[in-house]
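*Asks:*
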Amino acid sequence: MNTRSLTRVAATAAALAATVLIASPTAASAAPAAPRTAPARAALTSVYIWATGVNVRHDGADADCVFYPSRGTCPTVVATVSRTTAQAHCQREGETIRDSGYSNRWWTLVELADGRVGWVNNIYIQGGEKIAGVPDCSW
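Quick note: the sequence shown, position 88, residue 88 per the working numbering, numbers continuous.
Put into structure tokens, the structure is as follows:
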């Protein structure tokens with residue numbers, strides 16, 4: 001995993017930590033600590049984004065994007081991709097997307113070849129509603 005990718009994974013984890021801290025009134029002013037290690041590259045699963053013009057979404061400033069991926073909580077489009085392979089970190093339920101008579105509520109956190117990281121709805125990833133071999137997000 002390159003430095004830019006590690007930074008994005010750390011930012012996602014920091015957003016998660018900040019949300020947990022905010023839940024406790026006494027800890028709300030504490031600064032979240034970044035993780036000391038990043039997930040191993042071997043843990044990533046290769047996935048194929050079969051559609052064209054697919055938005056890869058992320059918003060490191062909004063913890064809601066981490067917990068509930070959607071067009072509203074992840075408004076920043078970090079890339080638009082077509083028929084490409086990406087590395088999947090994990091998947092989780094979020095906004096249901098409907099397209100061409102299909103719908104899917106599962107989203108996968110992917111890392112593109114250039115290191116950009118973001119969410120893609122599984123409707124655009126080959127493999128079905130949930131993608132085999134991609135773990136559920138643990139947060």
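Note that beta-carbon positions come from the ideal geometry of N, C-alpha and C, so glycine has one too.
What's the gap between the Cα of leucine 44 and the Cα of serine 103?
*Replies:* Looking at the two C-alpha atoms, the distance is approximately 25 Å.
*Asks:* Give me the DSSP bridge partner(s) of tryptophan 107.
*Replies:* Looking at the DSSP assignment, tryptophan 107 forms a beta bridge with Arg92, Asn121.
*Asks:* Taking its Cβ as the centre, do 16 or more other Cβ atoms sit within 10 Å of glycine 60, making it buried, or is it exposed?
*Replies:* Buried is the call here.
*Asks:* Here's the rule I'm using: 16 or more other beta-carbon atoms within 10 Å means buried, otherwise exposed. How should alanine 33 be labelled?
*Replies:* Here alanine 33 scores only 42 on pLDDT, less than 50, and its place in the model should not be relied on; the value that follows carries that caveat. That one is exposed.
*Asks:* Can you tell me which of the three DSSP states alanine 63 falls into?
*Replies:* The answer is helix: DSSP assigns alanine 63 an H, G or I state.
*Asks:* In angstroms, rounded to a whole number, what distance separates the CA positions of glycine 101 and glycine 115?
*Replies:* The straight-line gap from Cα to Cα measures roughly 32 Å.
*Asks:* Alanine 43 by DSSP, collapsed to three states: which one?
*Replies:* If DSSP states are grouped into helix, strand and coil, alanine 43 belongs with the helices.
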